[in-house]
Every structure is written in C-alpha cells, then in structure tokens.
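First the structure, in the form of structure tokens, and then the observations on it.
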Amino acid sequence: MMAFRRNILQRLRHAVARNLFRPKLGDIYAKASQSYRRRYHRHDVSFYELAFVTLGDKTFRILNISYGGLRVRGDNLEALAPLLKSGQVVQASMAIMGSSYKMPVRVVALDKGMAGLSFERVHSLDEQFLTRFLYFMDAGIMLKALPKGSVGDIYQNPAWHSYGGLKGAIEVHLHIDGQSEVVEAHVFYLNGLRQDFAVFTSRGITVSCMPKRELKSRDKREILVHVLCIMLGLRQVGRTDRLDPLIQGGLTKLFRPSNKTG
C-alpha cells in the first residue's frame, strides 16, 4: 500500500512539474499579435442551435462568427430591412452557449433572409466575451494528429485517435469503433497549473480536473463550454462530423442546468 501511494504521489509531482514548464492558454493568447488574433476565421456554428443574436425585438440564428463579425439567417430579417441600412450601427444582444452579452454591430449586408454584421469598436470586455469561445474554436482547428509515442498507455490501442496543439496545452483523444463512430472522447486543456478535462461516453459526460479537486457548478459549466468549443473547431477540419452526437449531448447539458454535470 505504501509503495502504491508513493507511486501515485510521484506521478502527481511529475504531472505538476510538466505543467509548470508548459505554456498556459492565457499566456499564449496574451503573446499573440493583434494580426494573429484578427485573421477573422469564421467559425461555422450553423449545425447547432447554440448561438443567437437579437436585433430590436427579433432573434436570429448565428450561422458563423469571428472576431470581425457574424452572419445570421432568419425570415424576420425581411421585416427589419426597412429599418436597417448598410453601414448603420445598432445595438445587438448575443447569446452563445447560454451566456448573453450586448455590444454594437455594424450592418454590412442585408438581403433575402441573410445579414452580415461586423463588430463595431471592439473593447476589452467585448473581446473577452468573444475570446471565451473563439479562442478554443481556433485551438480546435489547429489540432494535429499525435504519434502513438507521445500519448499515454491508454491511447496506444489503434482504436484511439489522438490530436494535440498549442505545444501540448490541448489534447483530444477519440475512441472510434468499427462503424467509424466515436464511442468515447477525452478532451484536455491546461488552465494555469491545473489541467481541465471532459470525458464523453455512452453513459454521459464527466467534467473534472487534475490535480483533483472539488469544482463548483459554474466551473464545470465553463470547462464544458471550452471543451465543446475545441470540439466545434475540430469539427471544421474535415474529420469531425462523427463528433456530432457528443457535441449535441454536451449542449443539452449546458441548456439544461438542472441536469448535474458529473
């Protein structure tokens, strides 16, 4: 028993030491140039009902979104057409994954049920709200396949497909069965000295962190938001439509706060 405890403590010390010398996500973002942050990659979120914008008293689904702006679709846009003009700045209320925020937008296109809006005068708080989602979507797009020699023992089985990025700050491991369906997914990312992660299985979703500690409900929700954004980013690089059932399951958790996130 003592030997077992020593082994666990040694592994924990090694994990903490590795995290001390690995980059934090916040540090990576802070060092990124403004040109890097504003390449305006438009993230496609049209597959899910997770992002909305309200103009006046009408709410519309967001089709895609970037640091530069967003595109929306909706029949009610026809009713707004006489009230909105190209170049006009209006106040918009956005709701992304259950979080709401108000900021000004400029109308850049409006016709036939589609509208393009650009973010006007993006301040630090505006950017902070957008970064909460877009940073992790960007990270998901940049993930690369990891060789078996760089992953843990559990992922050595050929059924596991592993992806990583940002110098080890993010890892995604997918267990795929013979029918090309993802039956289990493990998503990890660094959060300071802590590593947050979510495990998706047929039994549900478990959210936790290492080193292990008790997480408040809002902390679990935030981890799940970040993990889902990573998966949404990964979905856009051509190998991730198989993640749809897991992503939808995670969104169901977010939009039903009465359901406990384990």
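1317 is the number of the first residue of the sequence shown in the numbering used here; add one for each residue after it.
Beta carbons are placed, not taken as given, at the ideal position from N, Cα and C, and that holds for glycine.
Is the CB-CB distance between Glu1429 and Met1458 below 8 Å?
Position 113 of the sequence shown, counted from the first residue, corresponds to residue 1429. Position 142 of the sequence shown, counted from the first residue, corresponds to residue 1458. What sits at residue 1429 in the sequence shown is Gly, not Glu. For Gly1429 and Met1458, no; Cβs fall outside 8 Å.
Quick one: grab the DSSP three-state call for Leu1490.
One-based indexing of the sequence shown puts residue 1490 at position 174. The answer is strand: DSSP assigns Leu1490 an E or B state.
Expressed to the nearest angstrom, what Euclidean distance is found between the alpha-carbon atoms of Val1405 and Ala1475?
Taking the sequence shown and counting its residues from 1, one reaches residue 1405 at position 89. Taking the sequence shown and counting its residues from 1, one reaches residue 1475 at position 159. Answer to the nearest angstrom: the Cα atoms are 51 Å apart.
What are the complete alpha helix (DSSP H) segments, minimum 4 residues, inside the segment 1428 to 1467?
1440 to 1457
Local Cβ density within 10 Å of Ile1486, reported as buried at 16 or more and exposed below that
Sequence index remark: in the sequence shown, residue 1486 carries index 170 (1-based). Classification of Ile1486: buried, given that the 10 Å Cβ count is 16 or more.
Going by the DSSP bridge assignment, what does Asn1507 pair with across the sheet?
Sequence index remark: in the sequence shown, residue 1507 carries index 191 (1-based). DSSP, once it has assigned bridges, lists Arg1510 as partnering Asn1507.
Host beta strand (DSSP E) of Val1369 (start-end):
Position 53 of the sequence shown, counted from the first residue, corresponds to residue 1369. Element bounds for Val1369: Ala1367 to Leu1371.
N- and C-terminal bounds of the beta strand (DSSP E) containing Phe1376
Translated into the one-based positions of the sequence shown, residue 1376 becomes position 60. Looking at the DSSP string, the run of the beta strand (DSSP E) that includes Phe1376 is Lys1374 to Ile1381.
So what's Pro1474 in DSSP terms, helix, strand or just coil?
Position 158 of the sequence shown, counted from the first residue, corresponds to residue 1474. DSSP places Pro1474 in coil when its eight states are reduced to three.
Considering only the beta carbon of each residue, do Ile1521 and Gly1456 sit closer than 8 Å?
Stepping through the sequence shown from its first residue, residue 1521 is reached at position 205. Stepping through the sequence shown from its first residue, residue 1456 is reached at position 140. Not a contact, by the Cβ cut-off of 8 Å.
May I have the straight-line CA-CA distance separating Phe1571 from Met1413, to the nearest angstrom?
Indexing the sequence shown from 1 puts residue 1571 at position 255. Indexing the sequence shown from 1 puts residue 1413 at position 97. Cα to Cα, the separation comes out at about 8 Å.
Closest Cα partner of Arg1551 within the set Ser1416, Gln1495 and Val1488
As a working note, residue 1551 is residue 235 in the sequence shown. Nearest C-alpha to Arg1551: Val1488.
In whole angstroms, give me the CA-to-CA distance for Lys1483 and Gln1564.
Residue 1483 sits at position 167 when you count from the first residue of the sequence shown. Residue 1564 sits at position 248 when you count from the first residue of the sequence shown. Spanning the two alpha carbons is a distance of roughly 28 Å.
Using beta-carbon positions only, say whether His1542 and Phe1452 come within less than 8 Å of one another.
Here residue 1542 refers to the residue found at position 226 when the sequence shown is read from its first residue. Here residue 1452 refers to the residue found at position 136 when the sequence shown is read from its first residue. In this structure, Phe1452 lies closer than 8 Å to His1542 by Cβ.
Please report how far the alpha carbon of Lys1401 lies from the alpha carbon of Ala1408, in whole angstroms.
Indexing the sequence shown from 1 puts residue 1401 at position 85. Indexing the sequence shown from 1 puts residue 1408 at position 92. Their Cα atoms are separated by approximately 15 Å.
Determine the DSSP secondary structure at Phe1571, reduced to helix, strand or coil.
Taking the sequence shown and counting its residues from 1, one reaches residue 1571 at position 255. Correct three-state label for Phe1571: helix.
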